[in-house]
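**Student:** Residues in the sequence shown are numbered consecutively from 1, following the numbering used here. Backbone N, C-alpha and C fix where the C-beta goes; we use that ideal spot for every residue, glycine too. On a predicted model such as this, the values are computed, not experimentally measured, just so you know. To start, I am sharing the structure in question, which I have written as structure tokens.
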Amino acid sequence: MVHNSRMSIVEWLDLLELQQYEGNLQEFSIVDDVVDITDKELKQCGVRGAHRQIMVNSLLGVRAKRRQSMNLEAVSSVPQVVRRRKNSCPLVKLGESSADMAGCRDSGPGVITTKSGKILKQLTFDETSTM
């Protein structure tokens with residue numbers, strides 16, 4: 001299968017084992033020049049039925065590869081929004097019920113610890129602070 005639209009017509013015909021049509025397609029220099037050629041146009045160039053089908057199938061692959069690369073370019077040119085979590089820790093409420101949440105233990109007011117006792121966060125509040 002040919003996917004390179006920049007390949008010369010001579011190389012393309014060699015790969016397809018259809019070198020006998022080099023003279024018929026001498027007006028074209030690279031595969032990209034014939035990528036949109038129709039079956040009817042190939043027939044007018046003197047290419048026989050089964051050989052036309054081989055060429056058309058090859059050109060379908062080239063067109064598919066071109067569309068794929070155009071889609072990849074379009075996707076890569078669009079800036080991607082990377083959503084990031086603001087906080088990777090689970091939400092833990094301070095107070096009496098914090099021992100039950102997220103496997104953490106409450107070691108007193110404003111202290112969040114793991115099951116092993118490691119202090120994760122120690123918070124202090126004053127009466128004038130607002131959240």
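For residue 120, which of helix, strand or coil comes out of DSSP?
**Tutor:** Here residue 120 refers to the residue found at position 120 of the sequence shown. Residue 120: strand per DSSP, three-state reduction.
**Student:** Taking a contact to mean a Cβ-Cβ separation below 7 Å, would you say residue 5 touches residue 32 in this structure?
**Tutor:** As a working mapping, residue 5 is identified with position 5 in the sequence shown. As a working mapping, residue 32 is identified with position 32 in the sequence shown. Contact: yes.
**Student:** So which of 57, 44 and 13 has the shortest CA-CA distance to residue 29?
**Tutor:** Within the sequence shown, numbered from 1, the residue matching residue 29 stands at position 29. Taking only the C-alpha atoms, the option nearest residue 29 is 13.
**Student:** Curious, which full-length beta strand (DSSP E) runs of at least 3 residues does the segment 45-75 contain?
**Tutor:** none
**Student:** Near residue 67, which residues of its chain fall below 7 Å by C-beta distance, leaving aside the five closest residues on each side in sequence?
**Tutor:** The sequence position of residue 67 within the sequence shown is 67, counting from 1. Cβ within range, chain order: n/a, list empty.
**Student:** If you drop the 5 nearest sequence neighbours on each side, which residues of the same chain put their C-beta closer than 6 Å to that of residue 59?
**Tutor:** Here residue 59 refers to the residue found at position 59 when the sequence shown is read from its first residue. Counting only Cβ-Cβ distances below 6 Å, and skipping sequence neighbours, we find 35.
**Student:** How is residue 37 classed by DSSP in three states: helix, strand or coil?
**Tutor:** The residue labelled residue 37 in the question sits at position 37 within the sequence shown. Note: residue 37 maps to coil in three-state DSSP.
**Student:** Between which two residues does the alpha helix (DSSP H) carrying residue 9 extend?
**Tutor:** Translated into the one-based positions of the sequence shown, residue 9 becomes position 9. Taken as a continuous stretch (DSSP letters only), the alpha helix (DSSP H) holding residue 9 covers 9-15.
**Student:** Go ahead and label residue 55 buried or exposed: buried means 16 or more other beta carbons lie within 10 angstroms of its beta carbon, across all protein chains shown.
**Tutor:** Numbered from 1 along the sequence shown, position 55 holds the residue referred to as residue 55. So residue 55 counts as buried.
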